[in-house]
Structures are given as structure tokens and as C-alpha cells.
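Below is one structure, written out as C-alpha cells, with a few remarks after it.
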Amino acid sequence: MKKKLTIMMFFIMLVGSLLAGCSSGNSDQASDNAGDGNSEGGVVQLTFWRNAGNDVENKVYEDLIKGFEEQNPNIKVKMTPIPFGDYETKLRTALAAGNPPDVMAIDSPNLAAYADAGAIKSIDEYMKSEGNVDDILEGTLSGMKYNDEIYLAPIVESGIAMFYNKNLFEEKGVPFPSEDPNNPWTWEQVLEAAKKLNDPANGVYGIDPAQGFGDGEGPAYFKMPILWQFGAEVLSQDGTTADGYLNSPEAIEALQFYQDLYEKHKVAAVELPPDPFATGKVAISMDGTWALAHLKNNFPDFKLGEDFGIAPLPKAKQKAAPNGGWALGIASKSEHPEEAWKLIQYITSYEGIKTYAEATGDIPARYSVAEDMPELNEYPKNIFVTQAQNYAENRPVTPAYPTVSKAMKELFEDIGISGRNVEAAAAEAVEKIDKEIKKTQN
Amino acid sequence: MELKKSITPKKNLSISNKFSMSYGKSEKLAGIAFVLPIAVLLIIFMFYPMIQAFIISFQDFNLISQKKTFIGFDNYINLFKDKEFIASLKHSFYFAMVVVPVQGIISLGLALLLQKKSRINSFFRTIYFIPVVISTAVAATVFELIYSKDFGLLNAILEALHLPTVNFLSNPDTAMNGVIILGIWKAAGFFMIIFLAGLNNIPADLYEAAHVDGAGKIRQFFSITLPLLKRTIAFVAIITTIDAIKLSALVYVLTGGGPSGSTETTVVYIFRTAFEQMSMGYASAAAFILFAIVLIISLIQMKLFKSDVEY
Numbered sequence: 000m001k002k003k004l005t006i007m008m009f010f011i012m013l014v015g016s017l018l019a020g021c022s023s024g025n026s027d028q029a030s031d032n033a034g035d036g037n038s039e040g041g042v043v044q045l046t047f048w049r050n051a052g053n054d055v056e057n058k059v060y061e062d063l064i065k066g067f068e069e070q071n072p073n074i075k076v077k078m079t080p081i082p083f084g085d086y087e088t089k090l091r092t093a094l095a096a097g098n099p100p101d102v103m104a105i106d107s108p109n110l111a112a113y114a115d116a117g118a119i120k121s122i123d124e125y126m127k128s129e130g131n132v133d134d135i136l137e138g139t140l141s142g143m144k145y146n147d148e149i150y151l152a153p154i155v156e157s158g159i160a161m162f163y164n165k166n167l168f169e170e171k172g173v174p175f176p177s178e179d180p181n182n183p184w185t186w187e188q189v190l191e192a193a194k195k196l197n198d199p200a201n202g203v204y205g206i207d208p209a210q211g212f213g214d215g216e217g218p219a220y221f222k223m224p225i226l227w228q229f230g231a232e233v234l235s236q237d238g239t240t241a242d243g244y245l246n247s248p249e250a251i252e253a254l255q256f257y258q259d260l261y262e263k264h265k266v267a268a269v270e271l272p273p274d275p276f277a278t279g280k281v282a283i284s285m286d287g288t289w290a291l292a293h294l295k296n297n298f299p300d301f302k303l304g305e306d307f308g309i310a311p312l313p314k315a316k317q318k319a320a321p322n323g324g325w326a327l328g329i330a331s332k333s334e335h336p337e338e339a340w341k342l343i344q345y346i347t348s349y350e351g352i353k354t355y356a357e358a359t360g361d362i363p364a365r366y367s368v369a370e371d372m373p374e375l376n377e378y379p380k381n382i383f384v385t386q387a388q389n390y391a392e393n394r395p396v397t398p399a400y401p402t403v404s405k406a407m408k409e410l411f412e413d414i415g416i417s418g419r420n421v422e423a424a425a426a427e428a429v430e431k432i433d434k435e436i437k438k439t440q441n
Numbered sequence: 000m001e002l003k004k005s006i007t008p009k010k011n012l013s014i015s016n017k018f019s020m021s022y023g024k025s026e027k028l029a030g031i032a033f034v035l036p037i038a039v040l041l042i043i044f045m046f047y048p049m050i051q052a053f054i055i056s057f058q059d060f061n062l063i064s065q066k067k068t069f070i071g072f073d074n075y076i077n078l079f080k081d082k083e084f085i086a087s088l089k090h091s092f093y094f095a096m097v098v099v100p101v102q103g104i105i106s107l108g109l110a111l112l113l114q115k116k117s118r119i120n121s122f123f124r125t126i127y128f129i130p131v132v133i134s135t136a137v138a139a140t141v142f143e144l145i146y147s148k149d150f151g152l153l154n155a156i157l158e159a160l161h162l163p164t165v166n167f168l169s170n171p172d173t174a175m176n177g178v179i180i181l182g183i184w185k186a187a188g189f190f191m192i193i194f195l196a197g198l199n200n201i202p203a204d205l206y207e208a209a210h211v212d213g214a215g216k217i218r219q220f221f222s223i224t225l226p227l228l229k230r231t232i233a234f235v236a237i238i239t240t241i242d243a244i245k246l247s248a249l250v251y252v253l254t255g256g257g258p259s260g261s262t263e264t265t266v267v268y269i270f271r272t273a274f275e276q277m278s279m280g281y282a283s284a285a286a287f288i289l290f291a292i293v294l295i296i297s298l299i300q301m302k303l304f305k306s307d308v309e310y
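Protein chains in written order, with numbering that gives the first Met the number 0: chain A, 0 to 441; chain B, 0 to 310.
Here it is in C-alpha cells:
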């Protein structure tokens, strides 16, 4: 009897000490928070998570936070940049554990999934009263909304355009595309040029139509615009079905055109070396604003204007460009929503956005900032800005978006890599998406 | 004989009864004290999460929202109808069915070649063991470059030999084989060491006796080495099967499950479903199906390899 008792005691003590170890950590933290928040001089500690960018982005964020803390001595911001690849997983785990940061960066197409789950707080009232909403690009703002309420505040807009290798164009006697953002080449013109430029024997491919076959959100971001340009949509306006949209005649036409680039005309390659555009392996490539900085830093001999040019995205039936990007939101569980909003307001104000956009060269999400940055009205930035202001479309807003994104990636791989029948692949994508939409509606 | 056996224990008992009850007690206590820390850790970090996951697998559980609804066996039923899940199982099994025998034969072959102790052999043992030590991410990244169609080492060699080039990783039909080659290259060295240990355990006099009886090297291998290696082979077979079916990190870095989903193994599928699609319940159910499959296969293998040879 006694023996059993001793063992039991020992066991209980051990488990007890282990649990105490865990919980004391928590209570320390909690009391820290509470202390910071209320009593000790009223200093509030905010946690802020974002996806780590390049050096320039990280530096400007640090400067912004420093400026904010100087202006608000009673708020301290603990910013945690997290590598891009791990970011969503980490954020979701933190949300699941009920221990999210106060302020977090969210990729706008995922907004609906987060908002629907009740993970982030509506900032509609704050934005409408203090956020100067009318100044924000219209297309961008609609991407910040779920069920007609604003959940996120944008900083900069993303944009892509058609990069072309001038040397290769001259070599093959192909005329340069128009640089007027309102008057892009048609896809037919692009195809004609790609056929002439294509030279696989020498390792040169005509075109990389949508950044090859990547992972994550990239495929949806680069490939949906092709559907839009051909007059198709991915989902219905109310986001309840993909049937009749992703498998519409327009969508099939777009997908067939895309497949033909790989299968029929063979002007695009499934596998490309790293940096194929800068090394002259690809003559035409759709790429983003960020590529300008990348090319400048890593390929100083490959000069904009001399070696390569930038033209607006091709059109088919209409002009269309993708938009959306990382924007800031507040966790529903945040204990300091007022302070969190102050931080967001500071970063997404005219000055905040101007500081950010001037450092990184991105397109500001506010009209007023764009007007005051002269280089945005000149080539090549004017192409991205005009597209973002006039032709940008949002990726569909639905809590089922993670599935939509995955289905898009798989659809384009199916037709581009595996050479599947376009209609069958589209039908399968529609089925996958609609199944998930039904699930989220319950 | 019979008599002796029955007497000895009794004698022991009678002595210890009076004398060392407390000794036995403290001995037992010490034993428990040794086991306890790891047992507690296992309970907290393994069994408790497993039970939780099992419960979650019966729920419609979105990762970031706090609502959970009990849906019985729906997750399991839907999984069996899910083409992607079935495909991921097929990919995992294809990998396992190729890797287990091929890797087993290669590592056994290496072990036989390097069995004799000599300087050159220990040098080569080290060489063959190096891939095991290299981190998975590094190996996968380097192999990605080697496999690359336009500038990879593999195709450069093929071209120099005037053979047709292959785009290993971007062709859905061949991508899995690219993963398999890397997998074998990476793990063969480890199992070579296990086989070496097994080979060294076989008494040398058996070989001498066989030699005296006039058995050649090949006969010796099939009549002595293989039967006496049965336990080692069982160990290697079971561990490689489990490892192969659990394959994830290599695929994640090398191909990300592509092209066109052709290398998405079950564990990659589970990870994606849980953290990218945020369907925790569905992913947990998939994990338990995989667990059941691995368990059944391991049990069958243990039965098959049950060794009746003693030495």
C-alpha cells in the first residue's frame, strides 16, 4: 500500500511541476500584458506579425514602427517578421491556439476565409471615420471587404506587366510592343511575336505566360488575369458557384489558348532555369513590380530601356490586371483594438504609405500618394499604376478561397504540364470549388 | 534436471522473503523513477495529442475558427471518395514498393562489399554514409539543380553521351522516379551500416565449417548469410516501409508535390489539407487512415519475417 502511495505521490509531483512550469509561463505573460496595458504608466504592448520581405521592405517597416512609437510613447510595438513560406502556417496556428498577434499582415484574397472564421475584426467604422477611404484605390478597397465591411487596410498595390527582351526582339526583327497602358498588344499579337522569337535549339523560348508553375498563391495571381482578359470569371458575382463561369465558353477559350502556348505552338517551356528572363532564355515574361528591383540589384548589366522593356499586360476581349497584396488587420482576440487601429492608421496614412512606397518602389494604395510621386506618372511605373487604377480585378471573395486558389493552380498544371483536355480539367476544377463552397455555407 | 529447476527458485524466494522485501521495493521504485520522465513526456507530447487528433478526426474543424461540429464518420467516408487522397496514397505506395526492395538490395550489397575491415573499406563506409548526414533540404535543393532540364548535371552527362535528355522533375510521369533516386541515395548508407552490424554478428566459424564442407561463396551467402540476417532484414524492411510511406520533407522541397500533383504523397496531402485548406478534421482523419495502414503493414511484415533461426 505504502509503496503505491509513494509512487503515486512521485508521479503527481512530477506532472504537477511540469504543468506548473507551463502555466507559470503563461501567467507571467498574462500579468505582463495586463501590467503593460493598464497600470504601469499605461504603456501598451502591441504584437505585430508580418511576412518578412527583402531588406528594403524590412528596413522601412522598422522606420515606420520607430516613427509610430515616437508619436505614441504609451504604445510599444513588438514586430515579428516571419519568412514568407512559413507565414500563413504560423499565423493560422497562432489563431487556432487562440494566441494571435494584435496586428497582422494578411494576403487580401485570404481575407474572406479569415473573416468568415471570425478570426479578424471588422475595421469598417474606424476606416470610414478616420481612414480617408475615398483616397484608396477603388479596386483595392473592394478587395479589403467581406460582406460589405472593411476588414483590412492596404499599404501598396501589386501589379504585373509584360517584360520583353529588346535584344532578342531586334535580333529576330520583331517590332516592340506598345508602351501605352491603355493600348496593349492583343494575345494574338503576343503569340505571333513569341513564335518568331522562339528558338528552342538555342535554349530560347518565346514566352513565359504566367510565371511557369509555382507554388502558393503565385499561380492564382498570375493566371486568373488570363481568364479575365478573355472575358471569363472564376466565380459568380455573389461567389456562390463556379459553374457557368470557370467552365464558360470564354474560360475554355482562355484555357485553350494557354494550353496551345505549351502544346501546339510550343513557344513556352514547362521547365525553365532560374532567372530565365534576365539571362535571355525567355523573350517575353509576365512579371511584377518587384522584378524591377530584383533585376536592378542582381543583373546590373541587363538594363531597363536598353536590354529590356516593359509593356502593359496583353488583352483579348478586354484589359485586365490582377491586384491585391498584403494588408493589415486586427485580430478579434486582440485586447488592444484601439491601439492596434492607431498603428494601422499610422502605417496606412498618406505619410506612412508615402514613406513605404518611396522606399520600395511599389504602387501606393492611395491616389493622393500616387499623384505626389512623379516617377509613378512616368514610364515604366505609369503602366503598373494605370493598370491598378483602371483595369485591376480582385480575386474572388469567398471563404472557400484557399480551395479556389489550389484548384486554379491544379487546373493550369493539368492543362499546361499534363496536356489534359481543357474542358474536362475545367469541369473538375468547378466541381472541386463548388463542393467546398457548399461546405463553407453550412 | 526437472528436480533442480523446481528447487532453485523456491530457495531464492525463501531467502528474499525475509531479507530483502525493502530491497526489491526500492529496486522497483528506482526502475519506475527511470521510466517516469520519458513516460510523462510521451503522455503529454505524444499520446494526449494523438487522442485529441482522433477526436478531431470526427469533427468538422476549421483551423482558425473556433466552431467545431461533430460529424461522425463523414470525414472518413468522404476521404475514401476523395480522388486526391486516393492518388496521394498511390504515390506513397509506389514510392514504398520501389524503394523498399531496391534500397534494401543496394544497402545489403554495399554492406557485403565493405564487410572486411580495411582502410579503404572504412573510407568508403564514410563516403556512403555522408548522404545520411546531409540535411534533407540541402540534398533536395542540390538534386533539383542536378535534374534541371536545360542546365542540370544529369542532362549534361546524357548529352555528352549522345543520349536523349530528360526533364525528370517537370514531367508528371517521371517526377516520382526522380524523388525515388534521391530517397535511395539519401538513406542507403544508413541501412548499409545496419546490415554491416548484422553481418558482423554472424559467427565466423559457421563460414569456416561451410568452407570445410566445400560450400562456395554463393552457397554460403544463401545458406548462412541470408537466413542469419533475417532479423536485420526484417528491421530494415519495416523501418524503410514506414519511412517510405511517411515520405514528406524530400517531396516538399524537391517538387512541392508537383508537377500536376504527381508526387504529392499522403503526408504532404495531409499537411496541405490541414494548414493550407485549414480543414483540420479532414486532415486528422486522413492521418488516422494512414496510421492504420502503416500499422497493418508493419504487423504483416513482422509475422512474415518472424525468425525461427537461433544461433
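Glycine included, each C-beta is placed from N, C-alpha and C at the ideal position.
Taking 8 Å as the CB-CB limit, is A:T88 close to chain B? yes
Along the chain, where does the alpha helix (DSSP H) containing B:R118 start, and where does it finish? R118 to V132
Interface residues of chain B facing A:L94 [CB-CB closer than 7 Å]: I63
Under the three-state DSSP convention, the category A:W325 falls into: strand
Any idea what DSSP makes of A:Y378, helix, strand or coil? coil
Give the residues of chain B in contact with A:F175, contact being defined as C-beta atoms less than 7 Å apart. Result: empty, since nearest Cβ-Cβ is about 27 Å, beyond 7 Å.
With a Cβ-Cβ cutoff of 8 Å, do A:A420 and A:G138 count as a contact? The question names Ala, but residue 420 of chain A in the sequence shown is Asn. Result no, Cβ atoms of A:N420 and A:G138 do not sit closer than 8 Å.
The stretch 393-410 of chain A in contact with the stretch 203-219 of chain A per 3-pair CB rule at 8 Å: yes
Nearest neighbour of B:F221, chosen from B:G256, B:A159, B:A155 and B:L111 [CA to CA]: B:L111
Residues of the stretch 273-306 of chain B with a CB closer than 8 Å to any CB of chain A: list them in chain order, please. F274, E275, Q276, M277 and M279
Does the beta carbon of A:A426 come closer than 8 Å to any beta carbon on chain B? no
Closest Cα partner of A:G230 within the set A:A320, A:G158 and A:P398: A:A320
Check each residue of the stretch 396-425 of chain A: if its Cβ is closer than 8 Å to any Cβ of chain B, include it; give the result in chain order. P401, T402, K405, E409, E412, D413, I416 and S417
Kindly give me the distance between the Cβ atoms of A:N50 and A:W325, rounded to whole angstroms, as I take these residues to be in contact under 8 Å. 6 Å
Between A:F298 and chain B, is any beta-carbon pair separated by less than 8 Å? no
Assuming B:T231 contacts B:F194 (C-beta within less than 8 Å), just tell me the rounded distance between them. 6 Å
Of the listed residues A:G84, A:I206 and A:E178, nearest to A:M285 (C-alpha basis): A:I206
Chain B contact residues for A:F212, given Cβ-Cβ distances below 9 Å: S169, G257, P258 and S259
For a contact meaning CB atoms closer than 8 Å, what does A:E270 contact in chain B? S147, K148, D149, N166, L168 and S169
Burial state of A:S96 (16 or more Cβ within 10 Å): The amino acid at residue 96 of chain A is misidentified as Ser; the sequence shows Ala. That one is exposed.
Taking A:D106 as part of the alpha helix (DSSP H), name the residues at either end of that continuous run. No alpha helix (DSSP H) holds A:D106; the beta strand (DSSP E) holding it covers V102 to D106.
Sort A:D101, A:G117, A:E148 and A:A282 by Cα distance to A:K127 and report the nearest one. A:E148
Residues in its own chain within less than 8 Å of A:A29 by CB, not counting five upstream and five downstream? Here the model assigns A:A29 a pLDDT of 39, short of 50, so the residue's position is not dependable, and the following value carries that caveat. Closer than 8 Å at the Cβ level, and outside the excluded window around A:A29, lies no residue.
What does A:L45 pair with, by DSSP beta-bridge criteria? A:V76
Going by DSSP, what residue range makes up the beta strand (DSSP E) through A:M161? I159 to N164
Mark B:K305 as exposed unless 16 or more other C-beta atoms lie within 10 angstroms of its C-beta, in which case mark it buried. exposed
Does A:Y113 get closer than 8 Å to chain B when you measure Cβ to Cβ? yes
Mind checking if A:A209 is an interface residue toward chain B, Cβ cutoff 8 Å exclusive? no
Using DSSP with H/G/I as helix, E/B as strand and the rest coil, what is A:R394? coil
Counting contacts by CB-CB distance shorter than 8 Å, is B:I104 in contact with chain A? no
Any beta carbon of chain A sitting closer than 8 Å to that of B:T7? A caution first: B:T7 carries a pLDDT of 46, below 50, which makes its placement in the model unreliable, though a value can still be read off. Closer than 8 Å: no.
Is it buried or exposed, A:D27, if we count other Cβ atoms within 10 angstroms and call 16 or more buried? Low confidence applies here, because A:D27 scores a pLDDT of 39, under 50, leaving its location unreliable; read the following figure in that light. Exposed is the call here.
Compare the C-alpha of A:K222 against each of A:E337, A:A399, A:F67 and A:N322 and name the closest. A:N322
Give every residue of the same chain whose Cβ lies closer than 6 Å to the Cβ of A:G36, excluding the five residues on either side of it in the sequence, and list them in chain order. Low confidence applies to A:G36: its pLDDT is 41, below 50, so where it sits in the model is not reliable enough to give any reading.
Say whether the stretch 423-439 of chain A touches the stretch 232-240 of chain A, bearing in mind that this needs 3 or more beta-carbon pairs closer than 8 Å, one atom from each stretch. yes
Indicate the three-state DSSP secondary structure (helix, strand or coil) for A:M143 in the structure shown. coil
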